[in-house]
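Q:
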RNA sequence: GGCCCUAUCGUCUAGUGGUUAGGACAUCAGGUUUUCAUCCUGAAAACAGGGGUUCAAUUCCCCUUGGGGCUACCA
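Numbering (the working numbering), first residue to last: 23 to 504.
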């Protein structure tokens, strides 16, 4: 039985961020690589930033992604509860231990005092930091103040000098001057712990073996380690993964467009692509493979392949990967996926055939309605479309090809792709032109579009004989009026 | 400002004390198949700068510069 236990510990402040997805993926991969457990824990210690329904949302999107957690809200587990506000009594017990040990202390400083202190320090060009004002209050003083009903927080007592050494699995040793460390707040006035305290207690109690989190946490890393030391606990391994950046610079944010996994889902990105892309942003396999399913990633994943510098989120590569994963699906699976996009169709087409054609060239699902609209209604189009330099077709050849194709198509009794292809290629021979010269104008007449999924024959088959002939006649009429 | 992290093509990255510095996306140019696409072939494209160490540094060390993070009774 593997000892590896990782957790994803989001605060429920909205949708799952595309950058957080990467943390989820690596958490999952590291755990599953060793047949370990992946845990979901909700860090809702900030009451102000709660968003209703966020937890439900999060669980739903993880489910959509196909990332299952072994313990967490809803599924339970022996280290629960997995929602921090349901663990308040636990934190209380542990904070008292710390105070008893003299590793933490009551602080009665008002927010006002702290604000003034900060302002004064900034004015003097000093680093804003708590001045340890309440650090040496006697037990009696503390008790008296509590009795009077004075509000308090509990702070961690940091060493005043020396250095604290921490170890990141990716970067190695990092050293911090203890002077830089502030006596941080562990328990807020409202008796709810801060992230710094709750996450350490929970990681320990839940036997987390590897903490994977964003690199923005490196600065508080020494404080975390000092907390473990204060408790006398063995810290887990820490892996700080580099941040995902906007192409414009800085953290990926709302201003860069879509930041929620939800947004990508709605735009027609596949979970497979999103996961694959996230993994590749910061991790590299031994060989040069790029396209992976989650199970394949689990097999290939290793900490050795992890990078340490921040990575820019490049949507073009995501799109490409999405196309790759679309192509890798079975036709049945793909068909089921795109079924909803056919709703607006009144005509009864061979939708499976449309799916087959679509699967070859779709990048993101949301493009589909625009791609296939022409099946329903022939759009207005410019007759210059009939001219194409590369194909060496012009309006003259087009007109001839269209005219002659009518009788050819009319004579087809068994309307299938094989026959249509055979007959049309015969026509090409008869005219004595290149395939493209005749088939280009037919495709234009049938679709009214320069770019279509599938070629003339595929479109003809889907459209049906009657509709084809009608559309070709429209084309002839347009060309005839030149 | 202080502290910390980081630095290979535009982007994601591989790599090594001696390499023609490799791959992928994107871009461009050809080609095939019934068009675009798919597919194939090819091109252009990078070791931030300066000092060391060394016979030899893209690789190791230092500095500079650039990028980023943290600096809350937010996570």
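Glycine is no exception: its CB is placed at the ideal position from the N, C-alpha and C atoms.
1) Can you grab the Cα-Cα spacing for the pair residue 445 / residue 502, in whole Å?
2) Near residue 191, what residues of its chain come up, given a Cβ to Cβ distance below 7 Å and the 5 sequence neighbours on each side ignored?
3) Taking residue 126 as part of the beta strand (DSSP E), name the residues at either end of that continuous run.
4) Is it buried or exposed for residue 205, if we count other Cβ within 10 angstroms and need 16 for buried?
5) Roughly how many angstroms separate the alpha carbons of residue 246 and residue 357, rounded to a whole number?
6) Since residue 177 is in the beta strand (DSSP E), which residue starts that stretch and which ends it?
7) Find the nearest neighbour of residue 222 within the set 193, 256, 213 and 202, judged by alpha-carbon distance.
8) At 3 residues or longer, and completely inside the stretch 227 to 276: list those beta strand (DSSP E) runs for me, N to C.
9) Quick one: Cα of residue 165 to Cα of residue 151, how far?
10) Using only the alpha-carbon positions, how far apart do residue 181 and residue 139 sit?
11) Please say whether residue 227 and residue 218 have beta carbons closer to each other than 8 Å?
12) In the structure shown, what three-state DSSP assignment does residue 35 receive?
13) Can you give me the Cβ contacts of residue 210 inside the same chain, cut-off strictly under 7 Å, excluding the 5 residues immediately before and after it?
14) Among the residues of its own chain, which have a CB less than 6 Å from the CB of residue 125, if the five just before and after it don't count?
15) Report the residue from 450, 449, 401 and 486 whose alpha carbon sits nearest the alpha carbon of residue 497.
16) Within 8 Å, do at least three Cβ pairs link the stretch 447 to 458 to the stretch 487 to 497?
17) Going by beta-carbon coordinates alone, are residue 359 and residue 299 separated by less than 8 Å?
18) How would you call residue 484, buried or exposed, if buried means at least 16 neighbouring beta carbons within 10 angstroms?
19) Quick check: the Cα distance between residue 268 and residue 160, rounded to an integer number of angstroms?
20) Can you list, in chain order, the stretches of the alpha helix (DSSP H) that have 4 or more residues and sit fully within the stretch 433 to 495?
21) What did DSSP end up calling residue 95 once you bin it into helix, strand or coil?
22) Starting from residue 199, follow the beta strand (DSSP E) in both directions and report where the run begins and ends.
23) What is the DSSP secondary structure of residue 187, counted as helix, strand or coil?
24) Identify the continuous alpha helix (DSSP H) that holds residue 168 and give its terminal residues.
25) Taking buried to mean at least 16 other C-beta atoms within 10 Å of its own C-beta, is residue 283 buried or exposed?
26) Quick check on the DSSP output: what are the complete alpha helix (DSSP H) runs of length 4 or more inside the stretch 68 to 120, in order along the chain?
27) Out of 168, 194 and 199, state which residue places its alpha-carbon closest to the alpha-carbon of residue 183.
28) If you draw a straight line from the C-alpha of residue 422 to the C-alpha of residue 473, how long is it?
29) Counting pairs of beta carbons, one from the stretch 55 to 66 and one from the stretch 102 to 110, are three or more of them closer than 8 Å?
30) Does the contact criterion of 3 or more C-beta pairs under 8 Å hold for the stretch 23 to 37 versus the stretch 231 to 245?
31) May I have the straight-line CA-CA distance separating residue 25 from residue 398, to the nearest angstrom?
32) Looking only at its own chain, which residues have a Cβ that is under 7 Å from the Cβ of residue 187, when we skip the five neighbours before and after it?
33) Distance check for residue 86 and residue 353, CA to CA, integer angstroms please.
34) Who pairs with residue 62 in a beta bridge, going by DSSP?
35) By alpha-carbon positions, which one of 155, 130 and 447 ends up nearest to residue 171?
A: This is what the structure holds:
1) Taking the first residue of the first chain as 1, we reach residue 445 at position 423. Taking the first residue of the first chain as 1, we reach residue 502 at position 480. A straight line joining the alpha-carbon of residue 445 with that of residue 502 spans about 24 Å.
2) In the first chain, counting from the first residue as 1, residue 191 sits at position 169. Cβ neighbours of residue 191 within its own chain (closer than 7 Å, five residues either side excluded): 259, 260, 261 and 325.
3) Reading the first chain from its first residue, position 104 is the one you call residue 126. 126 to 129 is the span of the beta strand (DSSP E), which, as asked, contains residue 126.
4) On the first chain, residue 205 is found 183 positions in, with the first residue counted as 1. Residue 205 is buried by the Cβ-count criterion.
5) By 1-based counting over the first chain, the position of residue 246 is 224. By 1-based counting over the first chain, the position of residue 357 is 335. Distance between residue 246 and residue 357, taken at the CA atoms: about 50 Å.
6) The sequence position of residue 177 within the first chain is 155, counting from 1. Residue range 175 to 178 is occupied by the beta strand (DSSP E) that includes residue 177.
7) The residue labelled residue 222 in the question sits at position 200 within the first chain. For the residues 193, 256, 213 and 202, the minimum Cα distance to residue 222 belongs to 256.
8) Secondary structure within the stretch 227 to 276: the beta strand (DSSP E) runs of 3 or more consecutive residues, fully enclosed, are 232 to 236 and 259 to 263 (chain order).
9) The residue labelled residue 165 in the question sits at position 143 within the first chain. The residue labelled residue 151 in the question sits at position 129 within the first chain. CA-to-CA, the gap between residue 165 and residue 151 works out to about 26 Å.
10) By one-based count along the first chain, residue 181 stands at place 159. By one-based count along the first chain, residue 139 stands at place 117. Across the structure, residue 181 and residue 139 are spaced so that their CA atoms are roughly 21 Å apart.
11) Within the first chain, numbered from 1, the residue matching residue 218 stands at position 196. Within the first chain, numbered from 1, the residue matching residue 227 stands at position 205. No. Outside cutoff.
12) Walking along the first chain from the start, residue 35 turns up at place 13. When secondary structure is reduced to three states using DSSP, residue 35 falls in the coil class, being assigned neither helix nor strand.
13) Residue mapping note: residue 210 aligns to position 188 of the first chain, counting from 1. Non-local beta-carbon contacts of residue 210 in its own chain, meaning distances under 7 Å to residues more than five positions away in sequence, involve 175 and 216 in chain order.
14) Within the first chain, numbered from 1, the residue matching residue 125 stands at position 103. Take residue 125, set aside five residues on each side of it, and the residues of its chain with a beta-carbon closer than 6 Å to its own are 179 and 252, in chain order.
15) Translated into the one-based positions of the first chain, residue 497 becomes position 475. Comparing Cα-Cα distances from residue 497 to each of 450, 449, 401 and 486, the minimum goes to 401.
16) The stretch 487 to 497 is not in contact with the stretch 447 to 458.
17) What you label residue 359 is simply residue 337 of the first chain in a count that begins at 1. What you label residue 299 is simply residue 277 of the first chain in a count that begins at 1. No, these two residues do not count as a Cβ contact at 8 Å.
18) What you label residue 484 is simply residue 462 of the first chain in a count that begins at 1. Classification of residue 484: buried, given that the 10 Å Cβ count is 16 or more.
19) By 1-based counting over the first chain, the position of residue 268 is 246. By 1-based counting over the first chain, the position of residue 160 is 138. Rounded to the nearest angstrom, the two C-alpha atoms are 50 Å apart.
20) Within the stretch 433 to 495, the complete alpha helix (DSSP H) segments of 4 residues or longer fall at 439 to 453, 457 to 469 and 478 to 485, listed in chain order.
21) Mapped onto the first chain, residue 95 falls at position 73. Residue 95 falls in the coil class under three-state DSSP.
22) Translated into the one-based positions of the first chain, residue 199 becomes position 177. Start and end: 194 to 199.
23) Sequence index remark: in the first chain, residue 187 carries index 165 (1-based). In the structure shown, residue 187 adopts extended strand secondary structure according to DSSP, grouped into three states.
24) Residue 168 sits at position 146 when you count from the first residue of the first chain. Where residue 168 is concerned, the enclosing alpha helix (DSSP H) stretches over 161 to 169.
25) One-based indexing of the first chain puts residue 283 at position 261. Flag for residue 283 reads buried.
26) The qualifying runs are 76 to 87.
27) For this step, residue 183 is matched to residue 161 along the first chain. Comparing Cα positions, the closest option is 199.
28) Numbered from its first residue, the first chain carries residue 422 at position 400. Numbered from its first residue, the first chain carries residue 473 at position 451. So the alpha carbons of these two residues sit roughly 22 Å apart.
29) A contact exists between the stretch 55 to 66 and the stretch 102 to 110.
30) Between the stretch 23 to 37 and the stretch 231 to 245, the count of C-beta pairs closer than 8 Å reaches three or more; the two stretches touch.
31) Within the first chain, the letter at position 3 stands for residue 25. Within the first chain, the letter at position 376 stands for residue 398. Our two residues, residue 25 and residue 398, have alpha carbons roughly 58 Å apart in a direct line.
32) Your numbering for residue 187 matches position 165 in the first chain. Scanning its chain for C-beta atoms nearer than 7 Å, with the 5 sequence neighbours on each side dropped, one finds around residue 187 the residues 195 and 197, in chain order.
33) Position 331 of the first chain, counted from the first residue, corresponds to residue 353. Position 64 of the first chain, counted from the first residue, corresponds to residue 86. Their backbone Cα atoms lie some 20 Å apart in a straight line.
34) The residue you call residue 62 lines up with position 40 of the first chain. DSSP, once it has assigned bridges, lists 30 as partnering residue 62.
35) Residue numbering aside, residue 171 sits at position 149 when the first chain is read from its first letter. In terms of Cα proximity to residue 171, the closest of 155, 130 and 447 is 130.
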